[in-house]
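If you're matching positions, the sequence shown starts at 380 in the numbering used here and goes up one per residue.
Cβ atoms here follow ideal geometry from the backbone N, Cα and C, with glycine treated the same way.
Since the structure is predicted, the reported quantities are computational estimates derived from the model, not experimental observations.
Report on one structure; see the data block that follows.
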Amino acid sequence: FDDTGWGQVQGGIGYDGSLEKNLTPLIDSDVASIMRTTSSSIYLRHHFEVLSPDVFMQLQIRYDDGYAMFLNGREMVRRNAPRRIQWNSRSSGSRLGGEALEVEQFMLTANDGLISGDNVLAIQGLNTRSTDRDFLFQMESEIWQNLEGVSETPG
């Protein structure tokens, strides 16, 4: 899929007009102009290079209200996403209060589909409705090389 014409952002994306949450410190790119009152979904892609499939990729995600994530076309994670996700899908649930500030962590490995070379995380961010007052998707990633001869500490 050619995504070279897509806009580029770094950091968290979203908008914050809520009274109960303060998402603003987590938002580096405001997407209110392209989502609010227009769409409850947004598409994101993250390209990254892996030199060896013997790596671990840790993802730390904050979100409001939901998302579906795919690694190289294979679904990895979904939160508050409908069973059959469409281009205009809405979140199947909302996150209240400080839930959006909580970090969820995931590990990806070659067993999950990480490959040597170019990899793509495709994310569909979901809001409960296009008129919702807030939206957030923030992801941080770290890649670690598997070290031979190193094992977990027992206990």
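* To do: Return the chain-ordered ranges of every beta strand (DSSP E) run that is complete within the region 492-519 and spans a minimum of 3 residues.
  => 496-505
Mind checking who G393 pairs with in its DSSP beta bridge?
D409 and L515
Notebook entry, point to check: If you check the beta carbons only, do L450 and V499 fall under 9 Å apart?
Noted result: yes
Bridge partners - L450, DSSP secondary structure assignment: R453 and L500
Handout entry: The beta strand (DSSP E) enclosing S420, as first and last residue numbers
Key = S420 to V429
Exercise. Compute the Euclidean distance between the alpha carbons of R415 and E521, then round it to the nearest angstrom.
Key: 31 Å
If you check the beta carbons only, do T417 and S509 fall under 9 Å apart?
yes
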